[in-house]
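Take a look at the structure below.
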């Protein structure tokens, strides 16, 4: 992992919502192929941080370079970054008026400008990868939560991104559906995708993470490889948090 | 919870059950809501209206000449079947309304997008336009177009009416667009943006298709409204349905018959439109 180039460089990032400071001097470097898991109590800025990476939120100060492109007010740069960065949301956010297949082809066809035939072939390939090839003609509302989230992952993958962001992908799911989504994420991690996941699924984190990040009140309190992070967290707050979520 | 009266009711005939319910003391509103009652009330109301018109007309010595009306609907002459003046006026009204509505939708969408753009300049332009149009009586707006803008830009009475109706209704249409667009979950924007779509692409492929089902009912209400307000252009003598009515009356003094007929024609058109909307709503409800 040592010498892979950094694909995401976050330097001294601040983010304000009005007077509320959501991010406070956050710096983070993610190398190509690295899997980073971010955890922390709610309101600690985890989601805000990854939403800044594809500029769903604009950072207030600091520097953010993704895949060699600096994120600033330049619309062209923002769209270039978004084409390289896939995002999976807590609430899936599938397009309800389109079939599963159309959900997967609309991006490649309209944004990447590839032909319908090519886009559909690609869509079916990724539906196969998330284990639901038979649902292609259905509408999102006809699928279970777990299936919807896997479609959402496939939708992002169809854009062939270099980086995938996951914003609490399993938090809105019924317990019995969490594993089917995590399995897909593990497979994706094993394929070498660069991933940043905001999640409290610590089993998943232990399995795939190269780097654990703990955030609180808009700051990164601790970042360490998972072995060290789970066995001997340096800060008290991180230890308390882990005790709480690992209790059961 | 079983009780003696309920077992009695189950075995009873409809009338006995009705009596049993009466005796349990349900409110009168319950019975008024039943279908036969509604039909009865409706017929009574219609009867009262017709009767009032008839006695009123009789009292003022009006002679009904309904037999004169068909010739204004259609004529069978030696040259064969011909449409009368009223259908010709109706076609003009529909033409004016359809063109004005199409323009109003286009303008309304532009105004709504300006307003939602988030840029201070375009938002204030949109708001200024909205306030100007909405706080102006339709009749005054029409005079403005016909007597002021008409001579300046050299357009005829039809164009003046068309533009006036389009502008007046674009304000209301733009509010419908705005509400419809805002009704789409913010997550849809984020998903569209996150796969690299521009704002225009997100509107076109993701947001607007989903807003349609929110916008369809009020939009069609607006179309009905426009057909009705198109009657106002008769004051500048555009040859549409209402103007035709006025012309026939000044020739024949058939004011009661003609106005009833014209009113019925407007009603048929707007009712048909409402039925069509109900059909569309059902179709969209299934699709999504």
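Protein chains in written order, with our numbering: chain A, 8 to 255; chain B, 947 to 1234. All C-beta atoms, glycine included, are put in the ideal place defined by N, C-alpha and C. Bear in mind the structure is a predicted one, so any value in this text is a computation, not a measurement.
Which bits of chain A does residue i rub up against, with CB to CB less than 7 Å?
i                       : result
residue 1021 of chain B : By Cβ distance, chain A contributes nothing, its closest Cβ being about 50 Å from residue 1021 of chain B, past 7 Å.
Report the rounded CA-to-CA distance for residue i versus residue j, giving the unit in angstroms.
i                       : j                       : result
residue 150 of chain A  : residue 1137 of chain B : 18 Å
residue 119 of chain A  : residue 112 of chain A  : 10 Å
residue 1003 of chain B : residue 1206 of chain B : 13 Å
residue 1060 of chain B : residue 1144 of chain B : 16 Å
residue 1102 of chain B : residue 1082 of chain B : 22 Å
residue 241 of chain A  : residue 230 of chain A  : 10 Å
residue 89 of chain A   : residue 249 of chain A  : 33 Å
residue 1019 of chain B : residue 1080 of chain B : 37 Å
residue 180 of chain A  : residue 980 of chain B  : 45 Å
residue 1052 of chain B : residue 1045 of chain B : 11 Å
residue 1120 of chain B : residue 1058 of chain B : 5 Å
residue 62 of chain A   : residue 213 of chain A  : 28 Å
residue 156 of chain A  : residue 1134 of chain B : 14 Å
residue 210 of chain A  : residue 1156 of chain B : 38 Å
residue 174 of chain A  : residue 160 of chain A  : 11 Å
residue 1048 of chain B : residue 984 of chain B  : 38 Å
residue 1086 of chain B : residue 1042 of chain B : 19 Å
residue 1176 of chain B : residue 1214 of chain B : 16 Å
residue 128 of chain A  : residue 193 of chain A  : 24 Å
Under 8 Å by Cβ, that's how I've got residue i and residue j pegged, so tell me the actual separation to the nearest angstrom.
i                       : j                       : result
residue 13 of chain A   : residue 38 of chain A   : 5 Å
residue 115 of chain A  : residue 171 of chain A  : In fact, because the Cβ distance is near 16 Å, the residues do not count as touching under 8 Å.
residue 1035 of chain B : residue 1190 of chain B : 3 Å
residue 67 of chain A   : residue 27 of chain A   : Not quite, the Cβ-Cβ distance comes to about 11 Å (not below 8 Å), so this is no contact.
residue 101 of chain A  : residue 140 of chain A  : Contact doesn't hold; Cβ gap of about 17 Å is too wide.
residue 1166 of chain B : residue 1219 of chain B : 6 Å
residue 219 of chain A  : residue 233 of chain A  : 5 Å
residue 184 of chain A  : residue 152 of chain A  : 5 Å
Given that residue i touches chain B, what residues does it touch there, using C-beta distances under 9 Å?
i                      : result
residue 186 of chain A : Those within 9 Å of residue 186 of chain A in chain B number zero; the least Cβ separation is about 24 Å.
residue 158 of chain A : Going along chain B, no residue has its Cβ under 9 Å from residue 158 of chain A, so there is no contact; the nearest lies around 11 Å.
residue 118 of chain A : 1141, 1142, 1143, 1144, 1147
residue 89 of chain A  : 1139, 1140, 1141, 1142, 1143
residue 162 of chain A : 1137, 1141
In this structure, how does DSSP classify residue i when only helix, strand and coil are distinguished?
i                       : result
residue 209 of chain A  : helix
residue 1029 of chain B : strand
residue 126 of chain A  : helix
residue 179 of chain A  : coil
residue 1228 of chain B : helix
residue 1124 of chain B : helix
residue 45 of chain A   : strand
residue 118 of chain A  : coil
residue 204 of chain A  : strand
residue 239 of chain A  : coil
residue 29 of chain A   : strand
residue 166 of chain A  : coil
residue 72 of chain A   : strand
residue 4 of chain A    : The structure shown has nothing for residue 4 of chain A, since chain A only spans 8 to 255.
residue 1166 of chain B : helix
residue 1108 of chain B : helix
residue 1202 of chain B : helix
residue 171 of chain A  : strand
residue 77 of chain A   : strand
residue 954 of chain B  : Its pLDDT being 47, under 50, residue 954 of chain B is placed unreliably by the model, and the measurement read from it follows with that caveat. Helix, per DSSP.
residue 1102 of chain B : coil
residue 1086 of chain B : helix
Could you check whether the Cβ of residue i sits closer than 7 Å to any Cβ belonging to chain C?
i                       : result
residue 1149 of chain B : In the displayed structure, chain C is absent; the protein chains listed are A and B.
Tell me which residue opens and which closes the alpha helix (DSSP H) that residue i is part of.
i                       : result
residue 194 of chain A  : 182-197
residue 150 of chain A  : Segment: none, residue 150 of chain A is in no alpha helix (DSSP H) and carries neither H nor E.
residue 1012 of chain B : No alpha helix (DSSP H) holds residue 1012 of chain B; DSSP gives it neither H nor E.
Along the beta strand (DSSP E) that carries residue i, what are the first and last residues, could you check?
i                       : result
residue 246 of chain A  : No beta strand (DSSP E) holds residue 246 of chain A; the alpha helix (DSSP H) holding it covers 243-253.
residue 226 of chain A  : 226-231
residue 17 of chain A   : 13-24
residue 1021 of chain B : 1020-1023
residue 222 of chain A  : 218-223
residue 94 of chain A   : 92-95
Which chain B residues are close to residue i, counting only those with a beta carbon under 8 Å from its beta carbon?
i                      : result
residue 114 of chain A : 1141, 1142, 1143
residue 63 of chain A  : 1136, 1139, 1140
Given that residue i touches chain A, what residues does it touch there, using C-beta distances under 9 Å?
i                       : result
residue 1155 of chain B : 102, 104, 105
residue 1152 of chain B : 102, 104, 105, 113
Going along chain B in order, which residues have a C-beta closer than 7 Å to the C-beta of residue i?
i                      : result
residue 98 of chain A  : 1133
residue 86 of chain A  : 1142, 1144
residue 94 of chain A  : 1140
residue 166 of chain A : 1141, 1142
Give me the chain A residues within the contact set of residue i, using Cβ-Cβ distance strictly less than 8 Å, ordered along the chain.
i                       : result
residue 1127 of chain B : None at all; the shortest Cβ gap to chain A is about 14 Å.
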